[in-house]
Structures are given as structure tokens and as C-alpha cells.
Amino acid sequence: MKVLKFGGTSVGSVAAIKSVASIINSASTNNNIVVVVSAIGGVTNQLIQLSTRAQQGDTSYEALIDQLKLQHTTMYTELLGKEEEGFINELFSQLSEVCKGVFLLKELTSRTSDFIQSCGERLSSFIVFSYLKNEKVDITLYDSRKYLITDKQFGNANILIKETSELLLGLKSEMGSVSLFPGFIASTLENETTTLGRGGSDYTASLLANVFEAEALEIWTDVNGLMTADPRLVKQAHLLPHVSYEEALELSHFGAKVLYPPSIQPALDKGITIWVKNTFDAEGECTKITKEWDEKKNLVRGISSIKEIALLNLSGNSMVGIPSFSFRLFRALSEARVNVILITQASSEHSICVAISTVDVDKAKEAVSQEFKTELELRKLNAVSIDTDMSILALVGANMKNQVGICGKMFDTLGRNGISVTAIAQGSSERNISAVIHRSDMKKAINLLHESFFLSEIKKVHLFIVGVGNVGRAFLNQISEQQEYLLKEHHLNILVAGIANSKQSYFEEEGIDLKRWADLLNDGDAYHIDSFVSRIDELNLRNSVFVDITASEDIAQVYQAVLEKSISVVTPNKIAATRSMEQYRKLKQTARKYGAQFLFETNVAAGLPVISTLNDLIKSGDKILSIEAVLSGTLNYLFNEYNGQSTFKSIIESAKALGLTEPDPRLDLSGEDVIRKLLILMRESGLEVEMKDVDLVSFLPEGCLEAPSLDSFYQKVEDNEPYFKALYNEAEQAKTKLRVVASYKNGKATVGLQKIEEGHPFYFLEGKDNIVLFHTERYKAQPLVIKGAGAGAEVTASGIFADVLRLVNN
Ligand code: ADP
Ligand code: ASP
Ligand code: MG
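In the numbering used here, the protein residues as written are 6 to 815.
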């Protein structure tokens, strides 16, 4: 014999009940079977809701009854093609009468509440029975309340196993092909209706399987089985084909609602295999639960979560001295029928902390305050504190105990994403490690852990990009082109979750469609950097990265705050790295402290790997002796292109049009941009330097930089055409090339225009190329040379992209 249990969604619609019928039909062809059904999905909640409304004197409970009645009669009619006249009407008039009583007395006892809740299963079982009977199935409906006997713990009654077994076994001989029992409901020895706790239909089924010694227990629901995490929270959750009873117990205890935790024990006691199957995919994959587990499988089998819990904390200096303190605490909670989900106690015994369900908060507070009244008055204990906005996460796996480092990985993963953990517990079974966190972090945390423990998983990265000028556009294009490849080959899902220009911003948690970003942004919300950052914070998505593709001071200002939220920053914007040494150091320290990264490879030589190479040299113990570099692709382009034919001004304009200059070309021409780059290289080499420590030998004629506007600057340059021509001719005659060189040598840093002779590595520099020479302890005789295109939207964008990938891989 088998026992099949169908949950709320499995009986939730006409189509679902038809699927149930066909599953029952095929299961009962060769075997007698027992079937257990839940109330129609959502009905138990509605019954609870209407009864509390009645208790509060709110007449709208009547409308809720009418609505429920209509739902059930409609379903009956649709299934059987005729109206029901008897059971449903009678049951609803009973229900109305009882609720009227509650309404008049404004009192709802737990006994009455159980009676009201029992209506759900009584109705659903009646409908399923009538339909199957009508379909000529040999089926009998038994009222569970006649056979399942409990104590008087209404709302969460305990089965009296002796009485129940006797009654059920007495029934066994007369049971035919299909025996149907409503789940969840039972009664006391005095025939008062009781319920077995929310989700209790699973328990009914497991109990029947135990008593009848069934060969299998099948839990039919709306998912294919037990999964690595709640699929509503973790899109990437996948099915667990085979788990042990213990693992199933831990998973369900910590929130895998698909199985009601108490329902595992009765099956386990008789070694009955439990199957979890999908009513809507009857032939599909499923989960098998047995005694043994597959030792070769992943150590962490699943990640469960309980969304709504509260943390009760009791602390005080004299706790150590209070006799049987923990005993009294747990006795008080137990007498108040508060279920303790998790306990932590520091060995100093200064505080003890228990996680409880949020519905138990008032009861718990009252009970604990009463128990320790004297100690609280004498201030041996601090007031009972309760945090109600908490959740629990638990890693579960039977084999976890054989592996060190899981805890470390779990908390490292959370820490790196700025999720603080309020309490930690590891069961002595070592089958679970649990952490209490703030509820607002729940979804992010469970997804992060899922990513880090199920290696084949896809890692999601959320980018928030400010600045969609030339470089920004190129970057968005490159992501758009690479997305599919990264997903397929590297299991990396890079999403752009937010973008902004100086006027508008647009967010999409699941990733902006990069084919349409410009239109979407156009219709977006008004932009302000502060609201942009607070939105990132609100979204609280894992692996968030802030990408600043502007040259704006205002945006550089927010890095500190962003890093403090454990969000990494990637930017070609040089401002933050070139403010005072103190600010630079602070950003780096903040990044380290909050487990985030601050990457700015594109600050120097666009996409060329200059800073990362430098970092690698330093990390591996090398020392930088000197730096010589041509660091401005812009200036290089200008002096390469200029040959006295067209004016110097027109060359600047064409460079700007090609996207080779800073938004304001004066930053390039003043040499300031080169100074900043040299400063960054020196700082990254480990030197403590400020902007003023770099000497600049200006190469512009007097008055140009003092020009009050960009237009007047251009005018000045035009007026000084002969100056530029003379520079060119002089260099040409000496068979040299003009290069703006940045150098750090013998403790001195300078930037200036130099005439470079043939044979020097700087002589042959095409177009907008950059070149850097590092002389180091290891590269003493021959410098380490990095050379290539050092400006332009595409190469800068690809440098930003490389930083993003570097960050993901770290
Ligand atoms: P039923 O009404 O069939 O008893 P439930 O709603 O009680 O169904 O349980 C099924 C639901 O449990 C699924 O729809 C799923 O959202 C949720 N769930 C939570 N955690 C898990 C998990 N680890 N594996 C599978 N389902 C889970
Ligand atoms: N109908 C009950 C509930 O919603 C029991 C069950 O579905 O298992 O809790
Ligand atoms: Mg359930």
C-alpha cells in the first residue's frame, strides 16, 4: 500500500483536481492506496482571517464566508456538471453559526478556531471524493476526526498513538481501492475537533503511512521535489534527487515549507521511503528521501530560510550568578508554548539569545519578564530586548561535518557583501550551520550562499553605471556583446541593474535590456547622485558594482559611502585617486575594511594593464626605481598629427571629435591629466606623494590656460599658431620627435615636453599610443615596457570591463 498526499495547490483548481484524479487512477490500478488532501490553497489562511475579523466585531467576515462558499460550490459544479445540494450548504451554515457566536461574544477560543479551520479540509476532501466517485473510482471518504485522536493542544495537537493506531488498524480490513482522508484535522477523545499545526496534512499522511506500514509515502505538491533552496527566493535553485531523512528534516525545520518537519519522523520510524513529486509534472524528476545518503554528493545540500523570526536577548553582568538561569528561561518559554528555533550563548554567560517565531513575541516577552521579575527589578539582568525584523538562514548537509572551512566560507561570503550576522549557531549534529540576519538582507544572502556553495552555479553581478558618454556607450555595447559568452563559458551573468546620465536614471533589478537602454533611460526618473546611491542600497543586490564613467567631482565624492556598503567601485575617473594622500589612503582602507574593491586601471593608459602590472610587481616584493612614460594618448596624438600644415587648434578639435580628449581638452593640454596619471603610478608604487610634488614644465604659450572659457582658449591657441610651428620646426631640424614625458627618477617627479631622439623607445609612438617603462630591482638593466593604444572609448571601455572581471574573479 502507498499513501499519497496532495497539497493545497494540487487541489486548488478544476484542472489540478483532474490531474490528481489521473495520478490516483494510475496509482490504484494494482494496489490499494490511501489518499490525504489539504484544503484548497489559501483557504486555511482565509478561514483564520475571517475568524479573527469576527472576533474583532468586524462584519466583513460574512463576505469572506460568502466568497469561500462560492469558490467551493463553483468548483463542485464545474467538476461534476451539476449543483451540490447538501454537504457544502450544511457545512457553510454551521460555519456561519459558529462565526456569528464568535462575533457576538468577541471571543475566539483555540478550540473554536480549530473547528473553523477544519472546514477547509472537510470541504476539499468532499469535493475530491464526489468527483472521483462520479468518475467511477472505487473510493471511500473517511472523516479523519473519527480515527486520528489527539490531546487537547488545540492548534497544534499531538496524536495519541495508541488510540489512533487501534482505530486505524480496525479500519484497515474494510479499506478498498482508494481510501480518502482529509489532512490536518483530528479530534480529542471527547470528539472536539483539533488541528495538527500549519502544514499538518503532511503529518496526517506520514502517520497513516506509519500505522498502515505503507511501502511509500508520496507528497504531491507544486514543485518537483526538495530543492537546494526555496525556488521563490532563489531562481537558480535546483532539485535534490536523493536526500537523507536527517537532511530533509533540517531543511524543512529551517523553512523548506514543502515538507512539514514533524511529518518525517513517522516515516523514518518505519523506514518508509518518502517521495516528493509534482502534481503538475507527474512523470518529471522528483526527490527520494531515505535513510542513507549519497556520500559523494556536495557537502552542502541545501540552504533554508525562515523569513520571519525575532531574536530575544537576555543579558546582564550577574547572569553568571543566577542559579539555573538557562533552565528557567527555557522552562518559561516552554510553558508559554513558545517554540525556540535557535539558541546562542556566549561562554562568558553574559548574554543568551534565542530565535523565536514573530507570532510568539508577546507571549515570550511576558513569560520571560515574569520568570525573571526579581532579577530584572534588582538590575541583575537588563530588560528583555527583542529584535523583530530578523530572518534565519541555514546551510544543511549530512556530510558537512567531515569538512573544515564551510563556516569560514559562509561568513566570508556574507561579509564581503556587507551582510552582518547577528547570531550564529551550529547544531551539534553538524548537519546545519545557521545565521540570524536582518530581514532586508535575506534574499540577497540566500542567493549569495547559493552561488558560493553550488559551484556549477551561475554567478550574478549587478552593475550600476553613471555616465553614458562615449566611453559609457562603448562599455554598454561591449557588455551587451559579451553577455551570452560569459554566461555560457564562464557561468557569469553580468547585468546592468542601473544606469544614469546627468539628467535621468533607470533601474531594473533583473537587468536592463541593453538593446534599448537609451530609450529606457530617456523615460527614466530624474537623476541625482544621492538618490542613485540610495536606490542601489535599497535594491540590496548581491555582487553590486558601482561604475563611474564620468570625470565628475560630485560622483567621486560618493565612493567612500558606496565602499562602506561593501559595494565595489570601478572607474576611469581620476579624481578620487588624485585628491590628497589622506583621502586616497582612506578609500583604500575603506575598501579593505568592507571587503569591497576600488579599481581604476583605466586611470592610466586606458585599457593597458599598467596599474595591475605595477600592483603585481609590488605584491611580489619588487621595488620601483624609476618610471618614465608617455601617458597622454591625447597629447601624443596632437604632436604626432601636427606638422605645421593644419593649425594646432584644428588638430585639437579633431582629437576631441574622435573622443581622444577629456571632455574639456584643457585638462589634457595643461598637463594636469598627465600629472594625475604620474601621481597615481607613484602612489601605487608605494610612495607618499601629492600633486604639488610633481613639477610641471608647461608647453603652452603664455595666456592660453588663463583664458576664461573654452572658446577663448581655442582663440588663444589659434593666435599662437607661430609658437607651435616653431616648436615643430625646431624638433624636425634636430631629427627628434616631440613627446610630453612623465618621469619619476632619483626621487624627483616631472612632466614636460621633450625632444626625443631616434633610438629612444619613445621615438616610434604611433597615433595615440602610450608607453610606460618601469625600472625596478628585478628589471634593472632592461626596463619592463608596456606599450599600446592609451586613449579612445573602445580601449577605455575594455579596461573597465577587465576591472569588472578582475573584481568578480577575486
Ligand atoms: P502544499 O500546499 O503542496 O503542501 P506548500 O506550499 O506547503 O505546498 O509547499 C510547497 C512550496 O514550498 C513550494 O511551492 C516552494 O515555494 C516552497 N519551498 C520552500 N523551500 C523549498 C525547498 N527547499 N524545496 C522545494 N520547495 C520549497
Ligand atoms: N491546510 C493546512 C494549512 O494550510 C494544512 C496543510 O495544507 O498541510 O496549513
Ligand atoms: Mg504544505
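Even glycine gets a Cβ: it sits at the ideal position worked out from N, Cα and C.
Cβ separation of LYS449 and LEU334, assumed to be a contact under 8 Å, to the nearest whole Å:
Actually they are not in contact, since the Cβ atoms of LYS449 and LEU334 sit about 32 Å apart, beyond 8 Å.
When the Cα atoms are used, what is the spatial distance from PRO187 to LEU245?
Going from the Cα of PRO187 to the Cα of LEU245 covers about 29 Å.
Give me the Cβ distance between ILE391 and LEU316, rounded to the nearest whole Å; I'm assuming they're in contact under 8 Å.
Approximately 7 Å separates the beta-carbon atoms of ILE391 and LEU316; this is inside 8 Å, confirming the contact.
Do ARG150 and SER98 have their C-beta atoms closer together than 8 Å?
No.
Compute the distance between the beta-carbons of GLY676 and LEU701, then report whether it is under 8 Å.
In this structure, GLY676 lies near LEU701, with their beta-carbon atoms less than 8 Å apart.
Under the three-state DSSP convention, the category VAL722 falls into:
VAL722: helix per DSSP, three-state reduction.
Taking 7 Å as the cut-off, is the CB of GLY260 close to at least one heavy atom of the ligand ADP?
Within 7 Å of the C-beta of GLY260 there is at least one heavy atom belonging to the ligand ADP.
Just to confirm, are ILE311 and GLY260 a CB contact at a threshold of 8 Å?
Closer than 8 Å, so yes.
Taking the alpha-carbon positions, what's the ASP143 to LYS177 distance?
Looking at the backbone, the Cα of ASP143 and that of LYS177 are separated by about 16 Å.
Got a sec, what are the start and stop residues for the alpha helix (DSSP H) ARG333 sits in?
Secondary structure note for ARG333: its alpha helix (DSSP H) is the uninterrupted segment 330 to 340.
Can you pull every residue whose C-beta falls closer than 7 Å to some heavy atom of the ligand MG, listed in chain order?
For the ligand MG, the residues with a Cβ under 7 Å from any of its heavy atoms are, in chain order, GLY12, GLY13, SER43, GLY204, SER206, ASP207, THR226, LYS262, VAL263 and TYR265.
Under 8 Å, with one C-beta from each stretch per pair, do the stretch 638 to 649 and the stretch 709 to 718 reach the 3-pair mark?
Between the stretch 638 to 649 and the stretch 709 to 718 there are fewer than three inter-stretch CB-CB distances shorter than 8 Å, so the stretches are not counted as touching.
What residue range does the beta strand (DSSP E) around THR349 cover?
For THR349, the enclosing beta strand (DSSP E) covers residues 345 to 350.
Tell me whether PRO236, by its Cβ, gets closer than 7 Å to a heavy atom of the ligand ADP.
The answer is yes for PRO236.
Shorter than 7 Å, the distance from the beta carbon of GLY181 to the closest heavy atom of the ligand ADP, or not?
It does not: the Cβ of GLY181 is nowhere closer than 7 Å to a heavy atom of the ligand ADP.
Provide the residue(s) that pair with CYS358 in DSSP beta bridges, ordered along the chain.
Answer is ASN318 and THR349, bridged to CYS358.
With DSSP collapsed to three states, give me the class of GLU587.
Secondary structure of GLU587 (DSSP, three-state): helix.
Under 6 Å Cβ to Cβ from SER748, same chain only, skipping five residues before and after it: list those, please.
Only residues of its own chain outside the window of five on either side were considered, and among them GLU633 and THR755 have a CB closer than 6 Å to the CB of SER748, listed in chain order.
Apart from the five residues on each side of it in sequence, which residues of its chain come closer than 6 Å, Cβ to Cβ, to ALA611?
So the qualifying residues of the chain are GLY795, ALA796, VAL800, THR801 and GLY804.
May I ask you to check if the CB of THR49 is nearer than 7 Å to at least one heavy atom of the ligand ASP?
Yes - the ligand ASP has a heavy atom lying nearer than 7 Å to the Cβ of THR49.
Buried or exposed: ASN858, going by 16 or more other Cβ atoms within 10 Å of its Cβ?
Because the chain here runs from 6 to 815, residue 858 falls outside it and cannot be looked at.
Looking at C-beta atoms only, is the number of pairs between the stretch 381 to 396 and the stretch 334 to 351 that lie closer than 8 Å three or more?
With contact defined as three or more Cβ pairs closer than 8 Å, the stretch 381 to 396 and the stretch 334 to 351 are not in contact.
Quick check on ASN498: does DSSP put it in helix, strand or coil?
Correct three-state label for ASN498: strand.
Could you tell me which residues DSSP puts in a beta bridge with LYS750?
Looking at the DSSP output, LYS750 shares a beta bridge with LYS753.
Separation of VAL133 from LEU96, as counted between CA atoms
In this model, LEU96 and VAL133 are separated by some 16 Å (Cα to Cα).
From which residue to which residue does the alpha helix (DSSP H) around SER690 run?
First-last for SER690: undefined, no H or E at that position.
Sequence-distant residues of the same chain with beta carbon closer than 7 Å to ASP559, five excluded per side:
If we look at ASP559 and ignore the five residues flanking it on each side, its Cβ neighbours are ILE534.
Do VAL746 and VAL550 have their CB atoms nearer than 8 Å?
Cβ distance not < 8 Å, so VAL746 and VAL550 don't count as in contact.
Could you tell me the alpha carbon to alpha carbon distance between GLN2 and LYS464, rounded to whole angstroms?
Residue numbering for the chain in the displayed model covers 6 to 815; residue 2 lies beyond these limits and cannot be assessed.
Rounded separation between LEU778 and LEU789 - CA only
Roughly 6 Å separates the two Cα atoms.
Following a CB-centred definition, is PHE189 positioned closer than 7 Å to any heavy atom of the ligand ASP?
True, at least one ligand heavy atom lies under 7 Å from that Cβ.
Going by the CB atoms, is the gap between ILE499 and LEU491 shorter than 8 Å?
Going by beta carbons, LEU491 and ILE499 fall inside the 8 Å limit.
Residue range of the unbroken alpha helix (DSSP H) whose run includes PRO271:
Run containing PRO271: 269 to 274, per the alpha helix (DSSP H) assignment.
Quick check on ASP119: does DSSP put it in helix, strand or coil?
Helix, per DSSP.
Bridge-paired residues (DSSP) for ALA430
Partner(s): SER439.
Quick check on PRO727: buried or exposed, where buried means 16 or more other Cβ atoms within 10 Å of its Cβ?
Classification of PRO727: exposed, given that the 10 Å Cβ count is below 16.
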